[in-house]
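Colleague:
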Amino acid sequence: MLRELVLLAYNWHSMGRWILLALALAALVRCGWVWVRNEARGGIDKVLLTGFAGAMTVQGVLGLVALFGLGALGAGFPLTSIFHGIVTCLAIVVSFLFLRWDDAPVRVRARNSLFSVSGALMCAVIGMSLLPGGLMRIVNV
């Protein structure tokens with residue numbers, strides 16, 4: 000039973016990166032558009048940014064469940080996976096930084112939200128590059 004749940008969490012963690020990437024790209028395009036065009040922010044901005052931060056959090060939780068579950072099943076705790084988890088925790092924190100600028104002017108919020116999503120994506124890429132197989136894991140489903 001535990002083995003099936005851990006493998007399910009690991010598979011969802013592996014496939015969830017595509018949902019995360021889609022939300023990140025949509026948030027990047029929207030924040031960039033608002034920043035360049037100086038448009039008023041709408042509800043979709045907050046939805047995209049919150050969805051991205053929430054998906055990043057779910058990815059982190061699924062990864063921790065997979066790490067500790069596989070460790071409990073006898074696979075051990077590889078140092079590369081632990082470092083991947085630490086960098087993912089940093090990416091989660093960075094993904095929520097957009098909330099800090101709620102009272103700022105529209106262009107400042109859009110710019111800082113763009114940097115927040117970009118920083119979280121950079122942390123995710125760094126975290127994936129720490130794993131065995133490196134960035135080739137991105138193309139493997």
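Numbering that gives the first Met the number 0 puts the first residue of the sequence shown at 0, with every later residue one more than the last.
We treat Cβ as the ideally placed atom computed from N, Cα and C, and that holds for glycine.
Can you check the stretch 23-86 for any alpha helix (DSSP H) of at least 4 residues that lies completely inside it and give the ranges in chain order?
Modeller: 42-69
Colleague: Can you tell me which of Met127, Gly133, Ala21 puts its alpha carbon nearest to the alpha carbon of Ala54?
Modeller: The residue labelled residue 54 in the question sits at position 55 within the sequence shown. Per the Cα distances, Ala21.
Colleague: Is DSSP giving Phe114 helix, strand or coil here?
Modeller: Within the sequence shown, residue 114 is the residue found at index 115, counting from 1. Helix, per DSSP.
Colleague: Out of curiosity, what's the CA-to-CA distance linking Pro131 and Ser80?
Modeller: Stepping through the sequence shown from its first residue, residue 131 is reached at position 132. Stepping through the sequence shown from its first residue, residue 80 is reached at position 81. Straight through space, the alpha carbons of Ser80 and Pro131 are spaced by roughly 9 Å.
Colleague: If we ignore side chains and look at the alpha-carbon of each, how far apart do Leu96 and Gly118 end up?
Modeller: Position 97 of the sequence shown, counted from the start, is the residue given in the question as residue 96. Position 119 of the sequence shown, counted from the start, is the residue given in the question as residue 118. Computed Cα separation, rounded: 10 Å.
Colleague: Could you check if Phe76 is buried or exposed, using at least 16 other CB atoms within 10 Å of its CB as the buried criterion?
Modeller: As a working mapping, residue 76 is identified with position 77 in the sequence shown. Counting Cβ neighbours within 10 Å, Phe76 comes out exposed, since fewer than 16 surround it.
Colleague: Do you know how far the Cα of Asn37 is from the Cα of Arg16?
Modeller: Taking the sequence shown and counting its residues from 1, one reaches residue 16 at position 17. Taking the sequence shown and counting its residues from 1, one reaches residue 37 at position 38. Cα to Cα, Arg16 sits roughly 31 Å from Asn37.
Colleague: Quick one: Cα of Arg110 to Cα of Gly62, how far?
Modeller: Here residue 110 refers to the residue found at position 111 when the sequence shown is read from its first residue. Here residue 62 refers to the residue found at position 63 when the sequence shown is read from its first residue. Their backbone Cα atoms lie some 30 Å apart in a straight line.
Colleague: On the CB-based measure, 16 or more other CB atoms within 10 Å of its CB, does Arg29 come out buried or exposed?
Modeller: Along the sequence shown, read from residue 1 onward, the residue named residue 29 stands at position 30. Answer is buried; the Cβ neighbour count reaches 16.
Colleague: For Val124 versus Leu69, is the C-beta distance shorter than 8 Å?
Modeller: Locating residue 124 in the sequence shown gives position 125, where the first residue counts as 1. Locating residue 69 in the sequence shown gives position 70, where the first residue counts as 1. The answer is no: Cβ separation not under 8 Å.
Colleague: Let me check understanding here. Comparing Cα to Cα, which of Val60, Gly59, Gly31, Val35 lies closest to Leu47?
Modeller: Locating residue 47 in the sequence shown gives position 48, counting from the first residue. Distances from the CA of Leu47 to each of Val60, Gly59, Gly31, Val35 were compared; the closest alpha carbon is that of Gly31.
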